[in-house]
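These notes concern the structure reproduced below.
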Amino acid sequence: MDLNRRQFLLTSSAAAGAVGVGSGLTTRFWGLDGDPVHDPATDGDKVIPTFCEMCFWKCGVLAHVKDGTVTKLVGNPDHPLAKGRLCPRGTGGTGLLYDPDRLKKPLIRKGERGEQRFEEVSWEEALDRVAAKLKEVKEKHGAESLALFNHGYGASFFKTLVAAYGSPSVGAPSYAQCRGSRDVAFQLTYGAPVGSPEYLDIENSRVLTLIGSHLGENMHNTQVQEFAAMIEKGGELVVVDPRFSTAAGKARYWLPIKPGTDMALLLAWMHVIVKEGRYNKAFVEANTVGFEQLAAHLADKTPEWAWARTSIAPELIVETARFIAGAAPASLVHPGRHTSWNGDDTQRGRAIAILNALLGSWGAAGGFFLPSKLKVPPTALPPMPKPERKAPDTPRGAVFPFMDEGLAHGLRDASIPGTAEFDIKAWFVYGSNLIQSLPNPEKTIEAIQHLDFFVAVDVLPAEITGWADVVLPECTYLERWDDLAITPWKEPFVSVRQEVVPPMFDSKPGWWIAKELGKRLGLADYFPWESAETMVKARLEAGKYDVAAMLRTGVAGGKRAAVTTEEGATAVYGTPSGKIELFSQQMADAGLAPMPEYTPPEAPAADQFHLLFGRSPVHTFGRTTNNRFLSEIYAENEVWLNTRVAREQGFKTGDKVILVNQDGKKSAAIKVKVTQRIRPDCVYMVHGYGHTDKRLGFAAGRGADDTQLVSRVKIDAAMGGTGMNVNFVRLERAGEAA
Amino acid sequence: MSAGRYAMVVDTRLCVACKACVLACKAENNLAEGYCRDWLVEEVHGEFPKLRAENRSERCNHCSEAPCVDACPTGASHIAGGGVVLVTPDKCTGCKACMAACPYDARYLTPEGFVDKCTFCLHRVQRGEQPACVTVCPTRTLHFGDLDDPTSEVARLLVDRKWKVNHPESGAHPNVYFLV
Amino acid sequence: MEPVEIDVGRHNPGVDPGLELWGWEIPVYLFLGGIVAGLMVVPALLELRGRKPEGAGLRMAPWLAAVLLSLGMGALFLDLGHKLYVWRFYLAFRPTSPMSWGSWILLLVYPVLVLQGLGTAGEHGRRFLRTLAGPLSGLVDRLTALADGWRRPVLTASVVLGAGLGVYTGLLLGTTPARMLWNSALLGPLFLTSGLSAGAALLLLLPLTTEERHAVARFDMGAMGTELVLLKLYLTGLATGGEPQRIAASTLLGGEWAPQFWALVVFAGLGAPLALDAAELRRHRPFTRLAPVLVLVGGFSLRAVLVAAGQDVSFALVP
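This is the structure we're talking about:
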């Protein structure tokens, strides 16, 4: 004991010391003086590796299990995406596993759709019902009229089921409502995917340019790890965002651009880089076609031209263009992820792809790496039936020439009779809350009214499951095996998802549900395994992997491969020309602009704001807002409003408002956050709040859902994506009753 | 008691305020719902569009001149190995004098009634591991080690980099350092 | 000044958004502790200066003090979060902890109060106590003999411990560098004088002889006058301190707590009773109970306002 560490007003320290020693003796005498270091004892008696499903990045997780309870989840050090670390959501997986609001029993609807009256039934009854209904739909309307909406890794079994059933009608909102335009843009330009996880060597970038990407709020683990590593190494950031994002807070340059005008900035940057000869000449010469046309196309896209459109001063455009070019080829312009903004998104993606080509970042350290992939033989399945009709996911007569995945909103629209080539009559919805993930939720609800049958498989109740005829409760990712994840990466690897704890309640793993339905539909041959566990082990054995080691570490592979041209990797451009197409003949042939053009966005009315939305680092949209563990950090979204505007209009932080869009659509009441961090003509909110399903005991009624305000979209002519950042809102003070 | 002075060094340039540290701490230490031992402070200075930001992952500073330990009438709050300030629940009456004394509001009263706070995960450190917040941090913002060891990462960072502490005027000599 | 937005992502109950450490229990405890200090010091000082207690009020004072002290300790106990561990206070003495000093002082106060009470009790009182003690009446006799024999030391102990108790109630708050409103060396003397005046005021509400009443009232005026000076010094110290201290002072002088502070503490608790006392003593106006009641109201308000307001201002709020 160190008694006289501090002089106090109070003490006459000599006397005090004497008594103090005495008191120490007293407590020691009683044997009560021990100060043991408390161990919360959360280390598991078993540690089981698996991979995460709190978002779709698939990081390796070590699950600590003690007395049958998952005590904590930590990053797997052997896993190339986790590197021993996790984002907040990864740690928060226990909040999903132990969510008291989970779907616990199979449910069959009683009463009208949407009334949310359900009866708990046995699996037998529920599966029989689903199988009978799906057979009926197939007989009456043909297999193609069943649509599968899916999101998440567990969907693989249901994709097999629906393909075997004979339907090509499959869509995920992650395409047309999210990253599709970007994928198409890079495919068109490079003939290669950007991947998910994206093949970005951010940690070695000397300059990283973010166009609306909010890394750090968008918490894809590996990317954020590399983002920080880049800053640590002295890398610099250019951030283009109407909002002072977390990333903007670390940027050398923050360009608070007028929403919808990024294309003008990109063209002006390229104008400067080409005009001043700052592009990577050797790279462009060797690897691209169409530079001459591009140079001509850019001639009039001056910084002054862009200034009027973007509100970014020409000097700053020139300065940042030089800054970006100066770091080439280790200068990466991030392709983005959620890019369905304005309807010209494929073209904007092309502009980003072309700018990267001018920098020569493809295949360069600090740019796009050329991933390597491990091989694991697939499970041998009988051939899939050939559907007679193509998926009706585009409006009748419409063609999106470069669409390469199904359009989820298109399948939704096709459920409204007479609008597509044929009608969708039944929905199979896996892990996707379409009410919050597709624009224009009223249309989603209308479409549901026309269905013959609707089955939903999910872990938690959500608005969408409230409308289903049958709800099948899946167990969480911690309670099931899934197929192997084979990830192309710098360190190519395979990861395994294994059951950490047995399924709780009466929930079942997706593989079991799919297999049982397959049996009932006469499709058992497509599930030629005992369980996902035996399937996974058989695949690994066939691929000559050490199964025991794999299950112990969760990962196979993970050795660094040659992934840059410097290291000896070769870039293969799968374009018609075999080169990077700065000028896209494919697009010209399809009647689209072969080089990106600027389309002016509509302007909001005087009392309106651009509605922007994004993510919180602790949430994956509405999927996690009921997670009490994660919601301790961020329980309710707010609408960001510029301080000056707030002062002028008399709003204070915490005031409750309702957002009203250009079509009169209203949001739920939401609190205002007054901040300097946003342009005066914009408001911003985190997506995924405003749940209305009361079965979400925590999330229901918290914050507001931006999707309700996305009643207007602009369709991407290249791939059918829905540009959603074209809605404007005004703020109405929420009444006491609201 | 092991010698040394444990400290945490927080690189504010790297931190994205994702709060992974907060949740990892809650999971590791099995904290009651609604309570946290570390937290994020996000500061934005200036007026649109001239802004600058600083993110700080904060926690108990394990002060060298800890006012909480001085204020504790029972010896529950004490200095453990490596200068880590701990509370022994069995000695704590929940009188809250330490909470009043803490310049950083780092302490709280648990639902069970005793006072609790960050322990620098001393139970892990004694096993040779790093605190949970340090190991989880995706941005490698957090560094933990012994300042008395001049070769430690934390000691070298404080030599090489510009740093500050929160409220040095408290006179408590905090041991959580922020690189700027 | 450049605008700053600070988002503190901490939501610990009782700590955020503002500290809510102590509710009614602590002001009650500090107030009763202060009164007890007054009830110990005032009669003992009078007696040491040669005025033997005559009125029932002065004779009752030690017993009343013991009751009030017990009530105060009860309030303190109610405030504890970990009540079953209360005995831990008495397994340690922590010289740097005012709370520790306080808990030991409280323990020493009781025997002194008993000796003081026995020494002051008249024949009636002593007989009553012996009856009350029943089989322990022998102990009462022995203690009474002790109290009579050691009268001066008991009185001196009463003054010293009472003063210690009074000062301690202020130091409990005053040694918290984190709370700008509390962190003042003057809080000890301020609470002592306030406690003495409150104790004196309570005596004035009890049966006293006219002479005693005048003596006590004069003492009360002196205490209040000193308290006023200390209060002024305390506030001046805050207002001329650094930015945090200025923010702290402004919550009392012109901020959220200003109405209660000015109306209850300064006007009702000090200004008005001083004027009334002066009128009674100098202009020989008849004695009323108004002034002492106001002093008691002011004494409690001082503690309640300071405890509540002090929790509002901490380092964390000052960038």
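Chains as they are written, first to last, in the working numbering: chain Y, 1 to 738; chain B, 1001 to 1180; chain A, 2001 to 2319.
Quick reminder that beta carbons are idealized off the backbone N, C-alpha and C, glycines included.
Just so we're clear, the structure is a prediction, and the values are computed from it rather than from any experiment.
- Counting the other Cβ atoms within 10 Å of the Cβ of Trp-2063 of chain A gives 16 or more, which makes it buried.
- Counting the other Cβ atoms within 10 Å of the Cβ of Trp-2087 of chain A gives fewer than 16, which makes it exposed.
- Counting every other CB atom within 10 Å of its CB across the protein chains shown gives Gln-187 of chain Y a total of 16 or more, marking it as buried.
- The region 2194-2207 of chain A makes contact with the region 2280-2297 of chain A; the number of CB pairs closer than 8 Å reaches 3 or more.
- Taking 3 residues as the minimum length, the beta strand (DSSP E) runs contained wholly in the region 249-280 of chain Y are 253-255, in order along the chain.
- Close partners of Glu-2002 of chain A in chain B (Cβ separation under 7 Å): His-1045, Gly-1046.
- For chain B, the residues of the region 2072-2084 of chain A that bring a beta carbon within less than 9 Å of one of its beta carbons are Leu-2076, Asp-2079, Leu-2080, Gly-2081, His-2082, Lys-2083, Leu-2084, in chain order.
- Annotated three-state conformation of His-38 of chain Y is coil, per DSSP.
- Interface criterion not met: the Cβ of Pro-1111 of chain B is under 9 Å from no Cβ in chain Y.
- For the 9 Å CB-CB criterion, Glu-463 of chain Y and Thr-692 of chain Y form a contact.
- Distance from the CA atom of Arg-89 of chain Y to the CA atom of Val-1154 of chain B, rounded to whole angstroms, is 28 Å.
- For the 9 Å CB-CB criterion, Gly-703 of chain Y and Lys-671 of chain Y form a contact.
- Per DSSP, the continuous beta strand (DSSP E) segment holding Arg-117 of chain Y begins and ends at 117-120.
- Residues of the region 2252-2275 of chain A with a C-beta atom less than 8 Å from some C-beta of chain Y do not occur.
- Between the alpha carbons of Arg-679 of chain Y and Trp-254 of chain Y lies a distance of about 12 Å.
- Within a 10 Å sphere around the beta-carbon of Pro-1150 of chain B sit fewer than 16 other beta-carbons, which makes this residue exposed.
- The closest CA to that of Ser-245 of chain Y, considering only B:Val-1010, B:Glu-1043, B:Trp-1039, B:Arg-1037, is found on B:Glu-1043.
- The continuous stretches of alpha helix (DSSP H) do not include Asp-2007 of chain A, which lies in the beta strand (DSSP E) extending over residues 2004-2008.
- If you draw a straight line from the Cα of Asp-2007 of chain A to the Cα of Asn-356 of chain Y, it is about 36 Å long.
- A distance below 7 Å between beta-carbons, with the five flanking residues on each side excluded, links Gly-2269 of chain A to the following residues of its chain, in chain order: Leu-2294, Val-2295, Val-2297, Gly-2298, Gly-2299, Ser-2301, Leu-2302.
- By the rule that beta-carbons nearer than 9 Å mark a contact, Gln-498 of chain Y does not touch chain A.
- Cβ atoms of Glu-581 of chain Y and Thr-189 of chain Y come within 8 Å of each other, at about 6 Å.
- Looking at Y:Val-429, Y:Phe-428, Y:Ala-414, the one whose alpha-carbon comes closest to that of Phe-422 of chain Y is Y:Ala-414.
- Under the three-state reduction of DSSP output, Asp-2312 of chain A falls in the helix class.
- Sequence-distant Cβ neighbours of Val-500 of chain Y in its own chain, meaning closer than 8 Å and more than five residues away, are Ile-48, Thr-50, Ala-63, Val-65, Val-70, Leu-478, Glu-479.
- Following the DSSP letters along the chain, one finds Glu-232 of chain Y inside the alpha helix (DSSP H) bounded by residues 221-232.
- Shown here, Phe-728 of chain Y sits in a strand according to DSSP, grouped into three states.
- One Cα belongs to Asp-681 of chain Y, the other to Ala-264 of chain Y, and the distance between them is close to 18 Å.
- By the neighbour-count criterion, in which a residue is buried when 16 or more other Cβ atoms sit within 10 angstroms of its Cβ, Thr-209 of chain Y is buried.
- Proximity of chain B to Val-2036 of chain A at the Cβ level (cut-off 8 Å) is not reached, the minimal Cβ distance being about 19 Å.
- Looking at the DSSP output, Pro-371 of chain Y sits in no beta bridge, so it has no partner there.
- By the criterion of a C-beta distance shorter than 7 Å, Ala-2066 of chain A is surrounded in its chain by Tyr-2110, Leu-2113, once the five residues flanking it on both sides are discounted.
- The Cβ atoms of Ala-1106 of chain B and Cys-1137 of chain B lie no closer than 9 Å to each other.
- Taking the beta carbon of Gly-1075 of chain B as reference, the chain A residues within 7 Å of it are Ala-2092, Arg-2094, listed in sequence order.
- Interface annotation for the region 1008-1032 of chain B against chain Y: Asp-1011, Arg-1013, Leu-1014, Cys-1015, Val-1016, Ala-1017, Cys-1018, Lys-1019, Ala-1020, Cys-1021, Val-1022, Leu-1023, Ala-1024, Lys-1026, Ala-1027, Glu-1028, Asn-1029, Asn-1030, Leu-1031, criterion Cβ-Cβ distance under 9 Å.
- The beta-bridge partner set that DSSP reports for Pro-1073 of chain B is empty.
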